[in-house]
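Structure, as structure tokens:
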Amino acid sequence: MAISTGSFSASSTVVTHIHPTKKHEMHSFSCPDPIALPRRFAVLKERFVSGSESALEFSWHRLVQKLQEEVDTISSAGSDVVPAIDFADIANPEHVDGFLDNLKKRGVAVIRNVVPRDTAMALRKEAIEYLDQNPQTKATPATDPQLYEIYWSPAQIKARAHPNVVAAQKFAMGVWKSRDPAAKVTANFPVTYADRVRIRTAATRTTPSAHVDGGSVERWEPDGYGGRAGPYKDIFQGSWEKYDPWESSGRIPINSDLYSGSASCSIFRMFQGWLALDTILPAEGSLQIVPMPKLATAYFLLRPFFSPPSSSSSGAGWTLAAPQTSILHGALPSYAQSINPALHPHLQLARSMVPVPRLEPGDYVVWHPDLAHSIDGPNHAARESVAMYIPACPLTQGSALYLCRQRKAFLRGYPGPDFGGCGGEKGFIGRAGVQEVDDAGGDEALRSMGLMPWDEEDADDDAEREVLAAANSILFPDLYDDLY
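For reference, each letter of the sequence shown is one residue, going 24 to 507 in my numbering.
Right, dumping it as structure tokens:
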């Protein structure tokens, strides 16, 4: 029997062994029943709570109370809770300060008119023509195609390299800060992460469930996000109020893809991103988001340690489980973190998940990598809606290593390393090459693709210079041969 509050029961599904592949059609799953994992996860959870029982219980009750207040606020405001700014105003302090404060609070924002409308419409036309020229293109899910497995179309190359898109990425990534001034990360030199195109039509019926990208069980594992010593340490130590979702140094060493998940991003994305190429309205294939980067993250991370009373699901009656089970609610190796009402009742998804405001061609949506999100639907519009996934990624040693592999994939017409089971574009008519990258964005575009070294003299300080030097040594080792 399914237990709607997600507590452990003898009937819980048990996962005894995982065979990781890159071939799952959908990279998230939704199951209202708790899924028991191998015993080692119960041992891991016991270590988390040992010596911190009281602190965790008190923090849980504070969290549930605060969640209720925030859900009420979000439910009342709806889409208006999502901040927006015009691209023309991103250098105007009068508009920027309040916008950035709201971006940090909500974890999601719309930057309007990043790409001129006419340009966005031309990119849309070019993307559709590329698909028409290459009808062998794969798309998922196979029974209701939405995500088209193209990465190197001329339209995508132009969109990623557009100077306004790059400027918008730098602007948004500026909200991330590091406690360590010597941290080897810089948002001043974005790197290209090649992702796909989403097309929703009037016939679209499949809707992905709410989920958080960037792995799932990895968030609790020492070899993933670092466990109690990683970026979530304040949450796991009973002080979620101290947790800073925008601290970057703790994110650099993480491994968010221990199990080769399908389309699981293996590098540090400061923001996931959409570039709208159509007018996209709520209920017409729009992005839905839970705009609570601190509270919602703390909740789904702490949820597996607590059990509800048999007669109530209110936060006040929940207690620290004893003993801890192997369940990590909504988490399964090789899949994204699922968020659903049965397993995460205090999030009140029906009230806290809101669609982003109306999007016009050329608008750019960014959201924190830990935010639960989905696509609303089915699409009730008579027209199709097209959007490109264009995340904002800083330069780190890890992203340089990824670029090295992605560059090879680009030159050969293969998908990026995180999409290895998704076909390819070798032999596709009109596939872009190095010249198209240069034409689209010049030196900056070539560097962001790992096709040209960075000029280390462009660095603002010694730490940034070290990042550029490390990236150059990874991508262009021949430059350093004379040093040895």
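Even for Gly, the Cβ is constructed at its ideal location relative to N, Cα and C.
(message) Could you check whether residue 497 and residue 427 sit closer than 9 Å to each other, using their CB atoms as the reference points?
(response) Counted from its first residue, the sequence shown places residue 427 at position 404. Counted from its first residue, the sequence shown places residue 497 at position 474. In contact: residue 427 and residue 497 (Cβ atoms closer than 9 Å).
(message) Less than 7 Å between C-beta atoms, sequence neighbours within five positions excluded: which residues of the same chain meet that for residue 48?
(response) Start at 1 with the first residue of the sequence shown, and residue 48 comes out as number 25. Confidence in residue 48 is poor, its pLDDT being 38 and thus under 50, which makes the residue's placement too unreliable to answer from.
(request) Apply the 10 Å Cβ neighbour rule to residue 434 and answer buried if 16 or more other Cβ atoms are within range, or exposed otherwise. (result) Position 411 of the sequence shown, counted from the first residue, corresponds to residue 434. The residue is exposed, with fewer than 16 neighbouring Cβ atoms inside 10 Å.
(request) Can you grab the Cα-Cα spacing for the pair residue 223 / residue 310, in whole Å? (result) Counting from one through the sequence shown, the residue named residue 223 turns up at place 200. Counting from one through the sequence shown, the residue named residue 310 turns up at place 287. C-alpha separation (whole angstroms): 12 Å.
(message) Using only CA atoms, which one of 357, 378 and 194 lies nearest to residue 284?
(response) Position 261 of the sequence shown, counted from the first residue, corresponds to residue 284. With distances taken between Cα atoms, residue 284 lies closest to 357.
(request) Using a threshold of 9 Å, state whether the C-beta atoms of residue 296 and residue 387 are closer than that. (result) Within the sequence shown, residue 296 is the residue found at index 273, counting from 1. Within the sequence shown, residue 387 is the residue found at index 364, counting from 1. Yes.
(message) Quick check on residue 87: does DSSP put it in helix, strand or coil?
(response) Residue numbering aside, residue 87 sits at position 64 when the sequence shown is read from its first letter. Note: residue 87 maps to helix in three-state DSSP.
(request) Excluding the 5 residues preceding and the 5 following residue 269 in the sequence, name in chain order all residues of the same chain whose CB lies nearer than 7 Å to its CB. (result) Taking the sequence shown and counting its residues from 1, one reaches residue 269 at position 246. Cβ within range, chain order: 127, 198, 199 and 200.
(request) Would you kindly check if the distance between the Cβ of residue 65 and the Cβ of residue 348 is under 9 Å? (result) Stepping through the sequence shown from its first residue, residue 348 is reached at position 325. Stepping through the sequence shown from its first residue, residue 65 is reached at position 42. Against a cut-off of 9 Å, the Cβ pair of residue 65 and residue 348 comes out as a contact.
(message) For residue 207, list the residues DSSP reports as bridge partners.
(response) Residue 207 sits at position 184 when you count from the first residue of the sequence shown. Residue 207 is not bridged to any residue.
(message) Is the separation between the beta-carbon of residue 380 and that of residue 98 shorter than 9 Å?
(response) Taking the first residue of the sequence shown as 1, we reach residue 380 at position 357. Taking the first residue of the sequence shown as 1, we reach residue 98 at position 75. Contact flag unset, no.
(request) Would you check if the distance between the CB atom of residue 414 and the CB atom of residue 312 is smaller than 9 Å? (result) Numbered from 1 along the sequence shown, position 391 holds the residue referred to as residue 414. Numbered from 1 along the sequence shown, position 289 holds the residue referred to as residue 312. The answer is no: Cβ separation not under 9 Å.
(request) Consult DSSP for residue 54 and reduce its assignment to one of helix, strand or coil. (result) Here residue 54 refers to the residue found at position 31 when the sequence shown is read from its first residue. If DSSP states are grouped into helix, strand and coil, residue 54 belongs with coil.
(request) Would you mind giving the Cβ-Cβ distance between residue 461 and residue 468, rounded to the nearest angstrom? I have them listed as a contact below 8 Å. (result) Position 438 of the sequence shown, counted from the first residue, corresponds to residue 461. Position 445 of the sequence shown, counted from the first residue, corresponds to residue 468. Yes, they are in contact, since the Cβ atoms of residue 461 and residue 468 sit about 7 Å apart, within 8 Å.
(request) Could you spell out the range, first to last residue, of the alpha helix (DSSP H) harbouring residue 116? (result) For the purposes of this step, residue 116 is identified with residue 93 of the sequence shown, where counting begins at 1. 116–129 is the extent of the alpha helix (DSSP H) around residue 116.
(request) Reducing DSSP to helix, strand and coil, say where residue 315 ends up. (result) Looking up residue 315 in the sequence shown gives position 292. Correct three-state label for residue 315: coil.
(request) Identify, in the order they occur along the chain, each residue of the same chain with its Cβ nearer than 6 Å to the Cβ of residue 397, setting aside the five sequence neighbours on each side. (result) Numbered from its first residue, the sequence shown carries residue 397 at position 374. Within the same chain, residue 397 has close Cβ partners 231, 233 and 311.
(request) Inspect the beta-carbon positions of residue 432 and residue 174 and report whether they are closer than 9 Å. (result) Here residue 432 refers to the residue found at position 409 of the sequence shown. Here residue 174 refers to the residue found at position 151 of the sequence shown. For residue 432 and residue 174, yes; Cβs fall inside 9 Å.
(request) Please classify residue 239: is it buried, with 16 or more other beta-carbons within 10 angstroms of its beta-carbon, or exposed? (result) Start at 1 with the first residue of the sequence shown, and residue 239 comes out as number 216. Label assigned to residue 239: buried.
(message) Rounding to the nearest angstrom, what Cα-Cα distance links residue 203 and residue 271 in this structure?
(response) Here the question's residue 203 lines up with position 180 in the sequence shown. Here the question's residue 271 lines up with position 248 in the sequence shown. For residue 203 and residue 271, the distance between alpha carbons rounds to 9 Å.
(message) Measuring alpha carbon to alpha carbon, tell me which residue in 307, 245 and 373 is nearest residue 278.
(response) Position 255 of the sequence shown, counted from the start, is the residue given in the question as residue 278. Among 307, 245 and 373, the Cα nearest to that of residue 278 belongs to 245.
(message) In whole angstroms, give me the CA-to-CA distance for residue 113 and residue 123.
(response) In the sequence shown, counting from the first residue as 1, residue 113 sits at position 90. In the sequence shown, counting from the first residue as 1, residue 123 sits at position 100. Using only the alpha carbons, I get a separation of about 10 Å.
(request) Using only alpha-carbon positions, find the residue among 389, 142, 478 and 383 that is nearest to residue 193. (result) Taking the first residue of the sequence shown as 1, we reach residue 193 at position 170. The residue with the shortest Cα to Cα distance from residue 193 is 389.
(message) Within 10 Å of its beta-carbon, does residue 374 have 16 or more other beta-carbons around it, so buried, or fewer, so exposed?
(response) In the sequence shown, the residue the question calls residue 374 occupies position 351. Result: exposed.
(message) Can you list, in chain order, the residues of its chain with a C-beta nearer than 6 Å to that of residue 493? Leave out the 5 residues immediately preceding and following it.
(response) Along the sequence shown, read from residue 1 onward, the residue named residue 493 stands at position 470. Answer for residue 493: 420, listed in chain order.
(request) Look at the alpha carbon of residue 449 and the alpha carbon of residue 60, and state the distance between them as a whole number of angstroms. (result) The residue you call residue 449 lines up with position 426 of the sequence shown. The residue you call residue 60 lines up with position 37 of the sequence shown. Going by the C-alpha atoms only, they are around 39 Å apart.
(request) Express the C-alpha separation of residue 137 and residue 216 in angstroms, rounding to a whole number. (result) Mapped onto the sequence shown, residue 216 falls at position 193. Mapped onto the sequence shown, residue 137 falls at position 114. So the two alpha carbons sit approximately 19 Å from each other.
(request) For the region 402–446, list the alpha helix (DSSP H) runs that are entirely contained and at least 4 residues long, ordered along the chain. (result) 420–435
(request) Return the CA-CA distance between residue 316 and residue 495, expressed in angstroms with no decimal places. (result) Along the sequence shown, read from residue 1 onward, the residue named residue 316 stands at position 293. Along the sequence shown, read from residue 1 onward, the residue named residue 495 stands at position 472. If you take the alpha carbons of residue 316 and residue 495, they lie about 34 Å apart.
(request) For residue 263, name the three-state secondary structure that DSSP assigns. (result) Stepping through the sequence shown from its first residue, residue 263 is reached at position 240. Residue 263: helix per DSSP, three-state reduction.
(message) Considering only the alpha carbon of each residue, which of 382, 161, 302 and 352 lies closest to residue 437?
(response) Here residue 437 is taken as the residue at index 414 of the sequence shown, counted from 1. Here the closest residue by C-alpha is 161.
(request) State buried or exposed for residue 299, treating a residue as buried only when at least 16 other CB atoms are found within 10 Å of its CB. (result) Reading the sequence shown from its first residue, position 276 is the one you call residue 299. Burial call: buried.
(message) Tell me the rounded alpha-carbon separation between residue 463 and residue 183.
(response) As a first step, residue 463 is located in the sequence shown; it is residue number 440 there, counting from the start. As a first step, residue 183 is located in the sequence shown; it is residue number 160 there, counting from the start. The alpha-carbon atoms of residue 463 and residue 183 are separated by roughly 9 Å.
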